[in-house]
Amino acid sequence: MSRQLLAIYNGHSADINAVPQLLINDFRDVIINKTNEGLRIASLFGMPQNNDIVKLIVVLADDRQGVLYLASTEVKENYQSLTPDCPQAHWFEREIAEQYGVLPLGHPWLKPIRFHNSYGKPDVWKRSHNGVKPGITDFFRVEGSEIHEVAVGPVHAGIIEPGHFRFQCNGENVLHLEISLGYQHRGIEQQMKGTPNNRLFQYMQTAAGDTTIGHSLTYCNILEALSGCSVPVRAQVLRGIAMEFERLANHTGDLGALAGDVGYLPTSSFCGRIRGDFLNMSAVLCGNRFSRNFLRAGGTAFDIETRHIEDLQKRLAAAFKDVENAADCLFTTPSVLSRFDDTGVLSKETAQALGIVGPAARACGLDYDSRYNFASGIYQFQQVPVATWHTGDVFARAYVRWLEIQHSVAFIQNQLNTLPSGAIAVEPKNISSNKIAVAMTEGWRGEICHTAITDSAGQLAHYKIVDPSFHNWMGLAVVLRNQQISDFPLCNKSFNLSYCGHDL
Amino acid sequence: MIKALIARIKQGYRTYPFPAKEPILPERFKGRPILHLDKCDTCRKCSDVCPAGAISFEKGKPVLDLGKCVFCGQCQKTCANGVIEFSKDYRLAATDRNDLLVTDKERKLAQALDKQSQRIFGRSLKLRQVSAGGCNACEADTNVLSTLVFDLGRFGVQFVASPRHADGILVTGPVTQNMKEALKKTYDAVPAPKFVIAVGACAISGGVFNGHPEVNNGVNDIKVDLYIPGCPPHPYTILDGLITFLGRR
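Just so you know, the sequences run in chain order A and B.
Sequential numbering from 1 applies to the first sequence in the numbering used here.
Sequential numbering from 1 applies to the second sequence in the numbering used here.
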């Protein structure tokens, strides 16, 4: 293994030259073998070199050992696709094909994912520059006299981000759902180059606005890894508190939305309000409900004082009492359970094959949680139990959220009671040249993985973001098979994936 | 059923008596910036640190564009003379784009609709929301207005599923190339007379994405009737903007 893969820990950096460069066949073999052994593809991306060559870099996550493995290869026009042997690579290979025009030969369903101009040479669909229109591609089609197609979006009925969904239906029964995204593409990754500055930080805060802490903390971890800076323990605790507030707000909102989707209004209206209470707790930290500008590289931008701690303790206890009450109503009402149970089932095997992460994976009994498996920051010292359930249905995805709400509240209470004294930030030094750094955090949706590569001048040369939604959209498509189309809102909400975090 | 009723009693009545009572905002909340121009020595450090390019200089004095500002507070932190100060004033909405340019302490609030429009829309305004590249923060804090704390419904404002049922559109996000057409089609589908409301720095100017080839720097092709700045605006900022616009405040 040592010859083929470079092992590094989460939040660490290595010399870019230490990443083994394999021949494409060896690169394929190692990914296929390792994913068969239970490792996951955390990131797989292309990086353009001179002379039309594209370097592919893979980050494999070994959850059992808590180690990340890196390898690279070089390709030109095409290579033998990984997807038939390793379905996890499906979305990644489509991304590489769209960005750099490298064709994965034998990819079973090669389509654009973001509908933008390729970076450099023409993409594999030979679309002309400035002629790319969103959603213009082949869609899987079922033929037959009793078959009909339902197309939804990009503008949906509610206040929700845009995406396009195509259902192939036989009556109410969905045979297949295809999801077409890209409408939110703002070109973030392409701009993440040069010397780290305020604007790059703002990009990370808005990569997925509901995951401000998740993405910006991962970015801070990258800069800290590249500059060899140690974050003071008080800042690590404050970061953990902000992270769990973010999780609490979103999970509570999701429970409310799931209740609303099955027409159970008490929990729906209670949780809509309690979610706001959690957002207001984030605002106690920094004045902004989405924790904007709370973090900075090297620590946090704000400290908290005794009166804030007391205020937060009071607010947290009150909100938890209310969310407990709301969840109790939800999970003991038979009409709710009959709609949640056995709806949108994702099997453990399928979840593993697709590389599903976050609460959606834990709801299938997979115990992946970066806070535990790849602990960084405060999670190295204070473990949060990994909440799993085994049924893989809407109930499981709702219930895992409720379990996580309870764990997060206990975690924050504990941290507020034992907040260490000291500084809240150190000044990070300049980032080192010719390095690669990987940082992984468990956002409320699941694993966020950023990879950065610096050039010889010590500037960011390449930045790759993987939002948990990137792994999970295919999971939603799969669970809709043989469901009623009327179950789509419920299934969709039970995943609650990010559009902008995917589109970037 | 009994359980739900007991829960209802436990959870209590939560609608905040806004606008009769002013909202309680967090201690660290950043609202409308105030410029103390007499203290400025034109060092331009504030505009250098601004991630959104919101600060320009006119006749040697800073002008802060609320339509671009992301309220990160870097300018306040950087300025040694204390020229820029973020107040707790949450009322930021404007009906004219130029009213978003802050030059000193004065504020120009949004203008209410004329009397005839108020008669038609003042008690019933249906909006279609379009997220055109928004990061889901503006969307979330617009959504939250329909929850029981803010209870947008009591002002007769409601978000509807179809543009055909709407009196106007509320846009968030920098209007990506990939959403440009969908936004235009949604706008065209709304029957006239119609309003356009731009919420958040992105929808007004492109925000931090201003200048990216992938975006259109906010709502440009159609006339905007109400601007609500922020990144994202606080729900009370949005609510205040909407009801001021409708002449309900």
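Every residue gets a Cβ at the ideal spot worked out from N, C-alpha and C, and that includes glycine.
In this text, all values refer to a predicted model and were calculated from it rather than measured experimentally.
For a contact defined as C-beta to C-beta under 9 Å, what are the partners of PRO233 (chain B) on chain A? Along the second sequence, one-based indexing puts residue 233 (chain B) at 233. Among the residues of chain A, none has a CB under 9 Å from the CB of PRO233 (chain B); the nearest is roughly 10 Å distant.
What number of angstroms, rounded off, separates the C-alpha of VAL237 (chain A) from the C-alpha of ALA423 (chain A)? Within the first sequence, residue 237 (chain A) is the residue found at index 237, counting from 1. Within the first sequence, residue 423 (chain A) is the residue found at index 423, counting from 1. Computed Cα separation, rounded: 12 Å.
Assuming ALA198 (chain B) contacts TYR227 (chain B) (C-beta within less than 8 Å), just tell me the rounded distance between them. As a position in the second sequence, residue 198 (chain B) is number 198, starting the count at 1. As a position in the second sequence, residue 227 (chain B) is number 227, starting the count at 1. Contact holds; Cβ gap of about 5 Å.
Span of the alpha helix (DSSP H), counted from its first residue to its last, around ASP341 (chain A): Position 341 of the first sequence, counted from the first residue, corresponds to residue 341 (chain A). Per DSSP, ASP341 (chain A) belongs to no alpha helix (DSSP H) and is neither H nor E.
Got a sec? Which residues, its chain only, sit under 6 Å from LYS193 (chain A) by beta carbon, not counting five neighbours each side? Here the question's residue 193 (chain A) lines up with position 193 in the first sequence. Around LYS193 (chain A): LEU460.
Based on the DSSP secondary-structure assignment, which residues constitute the bridge partners of LYS55 (chain A)? If you number the first sequence from 1, residue 55 (chain A) lands on position 55. Looking at the DSSP output, LYS55 (chain A) bridges to A:MET47 and A:GLU74.
By Cβ distance, which residues of its chain are closer than 6 Å to SER146 (chain B), with the 5 residues on each side in sequence left out? As a working mapping, residue 146 (chain B) is identified with position 146 in the second sequence. Taking C-beta separations shorter than 6 Å and ignoring five residues to either side along the sequence, the partners of SER146 (chain B) in its chain run LEU152, following chain order.
Classify MET1 (chain A): buried if its beta carbon has 16 or more other beta carbons within 10 angstroms, exposed otherwise. Sequence index remark: in the first sequence, residue 1 (chain A) carries index 1 (1-based). Note on MET1 (chain A): pLDDT 47, under 50, position unreliable in the model; the coordinate value appears next. Around the Cβ of MET1 (chain A), a 10 Å sphere holds fewer than 16 other Cβ atoms; the residue is exposed.
Contact between the stretch 470-484 of chain A and the stretch 65-79 of chain A (3+ Cβ pairs under 8 Å): Counting Cβ pairs under 8 Å, fewer than three are found: no touch.
In chain order, what residues of the same chain have a beta carbon less than 6 Å from the beta carbon of ALA112 (chain B), not counting five sequence neighbours either side? Along the second sequence, one-based indexing puts residue 112 (chain B) at 112. By the criterion of a C-beta distance shorter than 6 Å, ALA112 (chain B) is surrounded in its chain by GLY247, once the five residues flanking it on both sides are discounted.
Tell me which residues share the same chain as CYS364 (chain A) and place their Cβ nearer than 6 Å to its Cβ, disregarding the 5 neighbours each side in the sequence. As a first step, residue 364 (chain A) must be located in the first sequence, where it is residue number 364. Only LEU346, LYS348, ALA351 and GLY392 meet the Cβ criterion.
Under 9 Å between C-beta atoms, does ALA524 (chain A) make it to chain B? Any question about residue 524 (chain A) goes unanswered here, given that chain A covers just 1 to 504.
Please name the residue, chosen from B:ALA161, B:PHE18 and B:ALA203, that lies closest to LYS223 (chain B) on a Cα-to-Cα basis. Within the second sequence, residue 223 (chain B) is the residue found at index 223, counting from 1. With distances taken between CA atoms, LYS223 (chain B) lies nearest to B:ALA203 out of B:ALA161, B:PHE18 and B:ALA203.
Does the beta-carbon of ARG186 (chain A) have 16 or more other beta-carbons within 10 angstroms, so that it is buried, or is it exposed? Taking the first residue of the first sequence as position 1, residue 186 (chain A) is located at position 186. Result: buried.
Spell out the partners DSSP gives GLY443 (chain A) in its beta bridges. Taking the first sequence and counting its residues from 1, one reaches residue 443 (chain A) at position 443. Within the DSSP secondary-structure output, GLY443 (chain A) pairs in a beta bridge with A:GLY446.
Chain A residues whose Cβ lies nearer than 7 Å to that of VAL149 (chain B): Numbered from its first residue, the second sequence carries residue 149 (chain B) at position 149. Those within 7 Å of VAL149 (chain B) in chain A are ARG273 and GLY276.
Taking a Cβ distance cut-off of 9 Å, strictly less, list which residues of the stretch 314-348 of chain A are near chain B, in chain order. Answer set for the stretch 314-348 of chain A: LYS321, ASP322, ASN325, ALA326, ASP328, CYS329, THR332 and THR333.
Who are HIS164 (chain A)'s beta bridge partners in DSSP? The residue given as residue 164 (chain A) occupies position 164 in the first sequence. Residue pairing from DSSP places HIS164 (chain A) in a beta bridge opposite A:SER180.
Would you report the Cα separation of SER282 (chain A) and ASP303 (chain A), rounded to the nearest angstrom? Along the first sequence, read from residue 1 onward, the residue named residue 282 (chain A) stands at position 282. Along the first sequence, read from residue 1 onward, the residue named residue 303 (chain A) stands at position 303. Cα-Cα distance, rounded: 13 Å.
Establish whether the CB of GLY443 (chain A) and some CB of chain D are separated by less than 9 Å. Annotation note: the requested chain D is absent from the structure, which comprises protein chains A and B.
How many Å lie between GLY200 (chain B) and ILE53 (chain A) at the Cα? In the second sequence, residue 200 (chain B) corresponds to position 200, counting from 1. In the first sequence, residue 53 (chain A) corresponds to position 53, counting from 1. Whole-angstrom Cα-Cα distance: 41 Å.
Closest by C-alpha distance to ILE448 (chain A), when choosing among A:HIS471, A:HIS462 and A:VAL426: As a position in the first sequence, residue 448 (chain A) is number 448, starting the count at 1. Of A:HIS471, A:HIS462 and A:VAL426, the residue nearest in Cα terms is A:HIS471.
What are the residues that DSSP puts in a beta bridge with THR454 (chain A)? Here residue 454 (chain A) refers to the residue found at position 454 of the first sequence. Note: THR454 (chain A) is bridge-paired with A:LEU460 in the DSSP secondary-structure output.
What are the boundary residues of the alpha helix (DSSP H) that HIS471 (chain A) is part of? One-based indexing of the first sequence puts residue 471 (chain A) at position 471. Per DSSP, HIS471 (chain A) belongs to the alpha helix (DSSP H) from 468-479.
For LYS185 (chain B) and PHE159 (chain B), what's the separation of their Cα atoms in angstroms? Position 185 of the second sequence, counted from the start, is the residue given in the question as residue 185 (chain B). Position 159 of the second sequence, counted from the start, is the residue given in the question as residue 159 (chain B). Using only the alpha carbons, I get a separation of about 18 Å.
Entirely within the stretch 296-375 of chain A and at least 4 residues each: give me those alpha helix (DSSP H) ranges in chain order. The stretch 296-375 of chain A contains, as complete alpha helix (DSSP H) runs of 4+ residues, the segments 306-331, 334-340, 348-354, 359-362 and 370-373 (chain order).
Span of the beta strand (DSSP E) around ASP277 (chain A): Reading the first sequence from its first residue, position 277 is the one you call residue 277 (chain A). Premise fails: ASP277 (chain A) lies in the alpha helix (DSSP H), 265-286, not in any beta strand (DSSP E).
Taking only three categories from DSSP, how would you classify MET1 (chain A)? Here the question's residue 1 (chain A) lines up with position 1 in the first sequence. Residue placement at MET1 (chain A) cannot be trusted, given a pLDDT of 47 that sits under 50; the coordinates are not used to answer.
Who are the Cβ neighbours of ALA319 (chain A) in its own chain at under 7 Å, not counting the five residues just before and after it? Counting from 1 along the first sequence, the entry for residue 319 (chain A) is found at position 319. Excluding sequence positions up to five before and after ALA319 (chain A), its CB lies within less than 7 Å of the CB of ILE274, ASP277 and PHE278, all in the same chain and listed in chain order.
What number of angstroms, rounded off, separates the C-alpha of ASN36 (chain A) from the C-alpha of GLY11 (chain A)? Indexing the first sequence from 1 puts residue 36 (chain A) at position 36. Indexing the first sequence from 1 puts residue 11 (chain A) at position 11. The straight-line gap from Cα to Cα measures roughly 25 Å.
Contact set for PRO235 (chain B): own chain, Cβ-Cβ below 7 Å, skip 5 residues either direction: As a working mapping, residue 235 (chain B) is identified with position 235 in the second sequence. Cβ within range, chain order: ASP141, VAL144, LEU145 and PHE150.
Any beta carbon from chain A within less than 9 Å of THR142 (chain B)'s own beta carbon? For the purposes of this step, residue 142 (chain B) is identified with residue 142 of the second sequence, where counting begins at 1. At a cut-off of 9 Å, the C-beta of THR142 (chain B) has a neighbouring C-beta in chain A.
Is TYR499 (chain A) close to chain B, meaning its C-beta is less than 9 Å from at least one C-beta of that chain? The residue labelled residue 499 (chain A) in the question sits at position 499 within the first sequence. Chain B, which has a Cβ nearer than 9 Å to the Cβ of TYR499 (chain A), makes this yes.
In or out: PRO104 (chain A) buried (at least 16 other Cβ within 10 Å) or exposed? As a first step, residue 104 (chain A) must be located in the first sequence, where it is residue number 104. That one is buried.
Nearest by alpha-carbon distance to ARG166 (chain A): which of A:PHE270, A:VAL174 and A:ILE159 is it? Numbered from 1 along the first sequence, position 166 holds the residue referred to as residue 166 (chain A). The residue with the shortest Cα to Cα distance from ARG166 (chain A) is A:VAL174.
Tell me the DSSP secondary structure of ASP167 (chain B) in three-state form. Taking the second sequence and counting its residues from 1, the one referred to as residue 167 (chain B) is at position 167. The answer is coil: DSSP assigns ASP167 (chain B) none of H, G, I, E or B.
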